[in-house]
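One structure is given here, and the rest of the page talks about it.
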Amino acid sequence: MTDRIIERSPNDPAKKEMNPLLKFALELGPLLVFFFANSRGEDIAARFPVLQELGGPLFIATALFMAALSISLAISWAVQKTLPMMPLVSGVVVILFGGLTLYLQDETFIKMKPTIVNGLFAAILLGGLFFGKSLLGYVFDQAFKLDAEGWRKLTLNWGLYFVFLAVVNEVVWRNFSTDFWVAFKVWATMPITVIFMLTQYPMIRRHALEPNGAGEK
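Mapping of the sequence shown onto our numbering: residues 455 to 671, in sequence order.
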């Protein structure tokens, strides 16, 4: 039985490691469910008539997205006996805004969700730096080990990148169709993020610790 709900800090020797591929699947899976359900919403509703009561494809996709994210968090709990910080924050916002979307039958709320989530992540990371905490170690500590300055720089860069994503989401959902917004959310955001991550690699190498090194995060 665990004595905590949220995952342990990156330097905590008691923190249980998760397979990186499983972690990636749990984070990306709900998003793929959302895209598939939105693109095939009418077919899904025809096969499962009870879903027709939710409304159009976007509302069906929203409900299935909420379910998939809940399952993802449940699997994380089953494997780790703790909940990952960033997906948990995202999950709370998804359930809140997804619930409003379904209850009010207004797709605006689910479209605003990425803005809120990315803005919240930016506030968490940049606010943590203000108080001297490099919180990005909670996300990437299984991928690499950095010295304290490296974590500070990476946290700052990701905080600013989340601000960028929030602004881009506002521009896209307010000026383009729902289908374009969904496609952009799934198929454009990920490549942009990969490109951003590649630009961080030289800095990560400069601040990487030796395998047996220990650094503050």
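Ideal Cβ placement from N, Cα and C applies to all residues, glycine included. Predicted model only: the values in this text are computed from it and were never measured.
Residue i - DSSP class collapsed to helix/strand/coil
i, result
"Leu518", "helix"
"Leu537", "strand"
"Leu600", "strand"
"Asp560", "coil"
"Phe575", "helix"
"Met455", "Because the pLDDT of Met455 is 42, which lies under 50, any placement of that residue in the model is unreliable, and the question is left without a value."
"Ser526", "helix"
"Asn623", "helix"
"Ser631", "coil"
"Phe618", "helix"
"Leu590", "coil"
"Gly510", "coil"
"Phe585", "coil"
"Phe478", "helix"
"Asn611", "helix"
"Phe650", "helix"
"Phe551", "helix"
Beta-carbon contacts of residue i that lie in its chain and below 7 Å, excluding the five residues immediately before and after
i, result
"Ile549", "Met520"
"Ile498", "Ala491, Leu505, Ile514"
"Lys565", "Trp627, Trp635"
"Phe650", "Tyr615"
Range of the contiguous alpha helix (DSSP H) that encloses residue i
i, result
"Val640", "Unbroken run through Val640: none, as it is neither H nor E."
"Ala662", "Where Ala662 is concerned, there is no enclosing alpha helix (DSSP H), given that its DSSP letter is neither H nor E."
Own chain residues within Cβ distance below 8 Å of residue i, not counting five before or after
i, result
"Arg634", "Inspection of the sequence shows that residue 634 is occupied by Phe rather than by Arg. Val626, listed in sequence order."
"Leu663", "Lys599, Leu600, Asp601, Gly669"
"Leu523", "Pro484, Pro541, Ser544, Gly545, Val548, Ile549"
"Arg660", "Gly604"
"Asn629", "none"
Residue(s) in a DSSP beta bridge with residue i
i, result
"Ala491", "None, per the DSSP bridge assignment."
6 Å CB neighbourhood of residue i in its chain, flanking five on each side removed
i, result
"Phe575", "Phe616"
"Ala620", "Thr569, Asn572, Gly573"
"Phe563", "Phe551, Leu554, Thr555"
"Gly509", "Gln559"
Residue i CB to nearest heavy atom of the ligand PLP below 7 Å
i, result
"Leu550", "Here there are no bound small molecules, and the ligand PLP is not part of this structure."
CB-CB length for residue i against residue j, believed under 8 Å
i, j, result
"Phe489", "Val648", "Actually they are not in contact, since the Cβ atoms of Phe489 and Val648 sit about 17 Å apart, beyond 8 Å."
"Gly588", "Gly582", "Note on identity: in this sequence residue 588 is Ser, with Gly being the wrong assignment. Confirmed, Cβ separation roughly 7 Å."
"Gly604", "Ile658", "7 Å"
"Leu518", "Val487", "5 Å"
"Leu579", "Thr609", "5 Å"
"Ser530", "Leu480", "6 Å"
"Glu561", "Thr632", "6 Å"
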